[in-house]
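Novice: The structure follows.
Protein chains: 2
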Amino acid sequence: MENYKQFLCLFICAVSVGVVSIVFVLSWVLYFKEGLEWDGGLAEFNWHPLLIVIGFIFLQGIAIVVYRLPWTWRCSKLMMKFIHAGLNLLAFLLAVISLVAVFDFHNAKKIPNMYSLHSWVGLAAVILYSLQLVLGLLVYLVPITPVYVRAALMPLHVYSGLVIFVSVIAAALMGITEKLIFGLSDPKYKDSPPEAVFVNVLGMLITVFGGLILWIATRPSWKRPNEQLIRPLVRDTSESAPTSMETVKTDCAEADINGDTRRRSGKVNEAGPKASV
Amino acid sequence: MENYKQFLCLFICAVSVGVVSIVFVLSWVLYFKEGLEWDGGLAEFNWHPLLIVIGFIFLQGIAIVVYRLPWTWRCSKLMMKFIHAGLNLLAFLLAVISLVAVFDFHNAKKIPNMYSLHSWVGLAAVILYSLQLVLGLLVYLVPITPVYVRAALMPLHVYSGLVIFVSVIAAALMGITEKLIFGLSDPKYKDSPPEAVFVNVLGMLITVFGGLILWIATRPSWKRPNEQLIRPLVRDTSESAPTSMETVKTDCAEADINGDTRRRSGKVNEAGPKASV
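Chains A and B, in that order, give the protein sequences.
Its first residue numbered 1, the first sequence is counted upward by one per residue in UniProt numbering.
Its first residue numbered 1, the second sequence is counted upward by one per residue in UniProt numbering.
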């Protein structure tokens, strides 16, 4: 991989910022707010920001760049597709649970649903994400889908994935803004109490996480290489001195040889490995 | 240009959505709010959303894709750089005036500045935008900057341009959220009065505008071609039957022949024309 150290450094930064964001949102709901319950009250609402940051931001971000991790290049393409789809499915499930929590809370407190721009952008992102998931499964995991269809739809798949990710972050920032205005009364948000500053920092961390994921996901030289380039590497590891990448030992090399049978048919030029994510 | 009709359709859509967004924000401040004045009151604040949408969103969006308009490909690269920089400079000036309006309003009303996540993300975007402008001018408009420096920095220039654009839209959506919460009292935002729905639609329009600009700016086949491919076209227009693109008559063809002398040196492979925007 070109600029491997730079990649590693940025990926570690992204994961660190993502994990710190999760610690921040957890501290927010546990220390500054009412904790976590499922009782129709504010403690139930708190599942909403927590699960959005864990699932819809952190897991989605990792799912976007997972093909680019060089230590997964020995894994079969099919296995990587399952990991990519699995992470996105998990993120989607957490997002749905977080929506149930907020609707439940609104209904219990007689607060109208879906009136704010935050809810409009957020729900649009959830709907587009579910469409992206279903279309992605149909196009890239159903074996009978023709290769030319996969190739034709890949630019749209990559673009919509990144735009949905950015929209989710924008919705999260609006949600934080709403919650700080409604949730702080004495002192108010404008008086900058510790909670306000703490959660503003959370918003900045989420923004930085998004920026790092976008950089990693859009560098052409960090794409997963074509299968032709990976397979000889797997075959030759016992014959030559190991490089830094070859010393990465996982079950994936085995999976690469025994796994995705579609790659063996010679149709290695399908859009998947060449696409940005 | 590949898929010229698709490009044209999407560009017209983007411009239309951008113009409708400007009409919406103008209607908001003139019809629903206090109009436009420079008196330290709410009418002065109203310059803030208006100038941000016109400059920091619409003009910046057009500046991002201006290299990709095929009817500008006859223009010299230098002229296009001036147009790109000029649009961004105008956007920056409007953003600064809009910031002065909001600081002036806050100071007059004894409202603290810079307490909200909206202001943090917004100011960060303005600072990064000014750095991008200065660096862009130094690297791509100062003739002595070596070509390898231009090429090395182009991926960062493109990436940071797009990330700043997205951050500005995210900040605008947060600003809309704040203004609707603070500005609506009876009925409140949660009661969905006409103003709330109208301005939510404005937020969705801005989001769609951003999505369209990102699609146009990231299609590899819509890049401005290398100068080698443009110059023969300009020379040959009098010798062959005009194509649809060749019938576009502007002063740019003349400029292409007489304009940017740096291109004549043979250094046509500088990063500019090959970059995404």
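The C-beta atom is built at its ideal place from N, Cα and C for all residues, glycine as well.
Small disclaimer: the values here were computed from a predicted structure and weren't measured.
Let me know the secondary structure DSSP gives Lys33 (chain A) once reduced to three states.
Specialist: Coil.
Novice: Check whether the region 80–96 of chain B and the region 121–139 of chain B touch, using three or more Cβ-Cβ pairs below 8 Å as the test.
Specialist: Judged by Cβ distances under 8 Å, the region 80–96 of chain B makes contact with the region 121–139 of chain B, as three or more pairs qualify.
Novice: Helix, strand or coil for Lys179 (chain A)? Go by DSSP, reduced to three states.
Specialist: Of the three classes helix, strand and coil, the one that applies to Lys179 (chain A) here is helix, per DSSP.
Novice: I need the straight-line Cα distance from residue 281 (chain B) to Lys109 (chain A), nearest angstrom please.
Specialist: Outside the shown range of chain B (1 to 277) lies residue 281 (chain B), about which nothing can therefore be said.
Novice: For the region 113–147 of chain B, list every residue whose C-beta sits within 8 Å of some C-beta in chain A, in sequence order.
Specialist: The residues in question are Tyr115, Ser116, Leu117, His118, Trp120, Val121, Ala124.
Novice: Looking at the C-beta of Thr72 (chain B), does it have a partner C-beta in chain A at a distance below 9 Å?
Specialist: Chain A, which has no Cβ nearer than 9 Å to the Cβ of Thr72 (chain B), makes this no.
Novice: Could you name the residues of the same chain whose beta carbon sits closer than 8 Å to that of Gln6 (chain B), not counting the 5 residues immediately before and after it, in chain order?
Specialist: Nothing meets the Cβ criterion.
Novice: Please go through the region 62–131 of chain A and give each complete alpha helix (DSSP H) segment of 4 or more residues, from N-terminal end onward.
Specialist: Segments of the alpha helix (DSSP H) lying fully in the region 62–131 of chain A: 77–108.
Novice: Is there a Cβ from chain A that is less than 9 Å from the Cβ of Pro194 (chain B)?
Specialist: Chain A contact via Cβ: absent.
Novice: Indicate whether at least one CB of chain A lies closer than 9 Å to the CB of Phe182 (chain B).
Specialist: Interface residue, yes.
Novice: Please classify Asp236 (chain A) as buried or exposed, where buried requires at least 16 neighbouring CB atoms within 10 angstroms.
Specialist: Residue placement at Asp236 (chain A) is poorly supported in this model, since its pLDDT is 46, which falls under 50; the coordinates are not used for a value here.
Novice: Leaving aside the five residues before and after residue 278 (chain B) along the sequence, list all residues of the same chain whose C-beta is less than 7 Å from its C-beta, in chain order.
Specialist: With chain B running from 1 to 277 in the structure shown, residue 278 (chain B) is simply not present.
Novice: Name the residue from B:Phe11, B:Phe24, B:Glu195 whose alpha carbon lies nearest to the alpha carbon of Ile181 (chain B).
Specialist: Nearest option by C-alpha distance: B:Glu195.
Novice: Rounding to the nearest angstrom, what Cα-Cα distance links Leu212 (chain A) and Met154 (chain B) in this structure?
Specialist: Spanning the two alpha carbons is a distance of roughly 17 Å.
Novice: When you compare the CB of Ala108 (chain A) with every CB in chain B, is at least one pair closer than 9 Å?
Specialist: Not an interface residue.
Novice: Report the three-state DSSP secondary structure of Ser192 (chain B) (helix, strand or coil).
Specialist: Reduced to three states, the DSSP call for Ser192 (chain B) is coil.
Novice: Residues bridged to Ser185 (chain A) by DSSP?
Specialist: Answer is A:Lys188.
Novice: Have a look at Phe24 (chain A) and Arg219 (chain A) and give me their C-alpha separation to the nearest angstrom.
Specialist: Between Phe24 (chain A) and Arg219 (chain A), the C-alpha separation is close to 29 Å.
Novice: Taking contact to mean at least 3 C-beta pairs separated by less than 8 Å, is the region 55–66 of chain A in contact with the region 99–107 of chain A?
Specialist: Touching, no, given that fewer than three Cβ pairs across the two stretches are closer than 8 Å.
Novice: What did DSSP end up calling Lys223 (chain B) once you bin it into helix, strand or coil?
Specialist: Coil, per DSSP.
Novice: Quick check on Trp71 (chain A): buried or exposed, where buried means 16 or more other Cβ atoms within 10 Å of its Cβ?
Specialist: Label assigned to Trp71 (chain A): exposed.
Novice: At least one CB of chain A closer than 9 Å to the CB of Val166 (chain B): is that the case?
Specialist: Chain A contact via Cβ: present.
Novice: Take Ser16 (chain A) as the anchor and find which of A:Asn226, A:Arg224, A:Phe209, A:Ile216 has the nearest alpha-carbon.
Specialist: It is A:Phe209 whose Cα lies nearest to the Cα of Ser16 (chain A).
Novice: Rounded to whole angstroms, how far is the Cβ of Phe103 (chain A) from the Cβ of Phe45 (chain A), which I believe are closer than 8 Å?
Specialist: Contact doesn't hold; Cβ gap of about 10 Å is too wide.
Novice: Hey, Val65 (chain A) and Ile22 (chain A) are a contact pair by Cβ (cut 8 Å); roughly how many whole angstroms apart?
Specialist: Incorrect: roughly 17 Å between the Cβ atoms, too far for contact.
Novice: Whose Cβ in chain B lies nearer than 7 Å to the Cβ of Lys190 (chain A)?
Specialist: Within chain B, the residues near Lys190 (chain A) are Ile111, Pro112, Tyr115.
Novice: Just reading off the alpha helix (DSSP H) that Leu10 (chain A) is part of, what are its end residues?
Specialist: Residues 4–27.
Novice: Contact criterion: CB-CB distance below 9 Å. Does Leu89 (chain A) meet it with respect to chain B?
Specialist: So, not an interface residue.
Novice: Going by DSSP in three states, Leu173 (chain B) sits in which element: helix, strand or coil?
Specialist: Helix at Leu173 (chain B).
Novice: In three-state DSSP terms, what is Asn46 (chain B)?
Specialist: Asn46 (chain B) falls in the coil class under three-state DSSP.
Novice: Hey, Ile83 (chain B) and Ile206 (chain B) are a contact pair by Cβ (cut 8 Å); roughly how many whole angstroms apart?
Specialist: Not really, about 23 Å apart at Cβ, beyond 8 Å.
Novice: What number of angstroms, rounded off, separates the C-alpha of Ala125 (chain A) from the C-alpha of Ile144 (chain B)?
Specialist: Approximately 46 Å, taken between the alpha carbons.
Novice: For a test of the three-state rule: what should DSSP assign to Trp215 (chain A), helix, strand or coil?
Specialist: Reduced to three states, the DSSP call for Trp215 (chain A) is helix.
Novice: Short of 8 Å Cβ to Cβ, which residues in the region 192–219 of chain A face chain B?
Specialist: So the list reads Ser192, Ala196, Val199, Asn200, Gly203, Met204, Thr207, Gly211, Leu214, Trp215, Thr218, Arg219, given in the order they occur along the chain.
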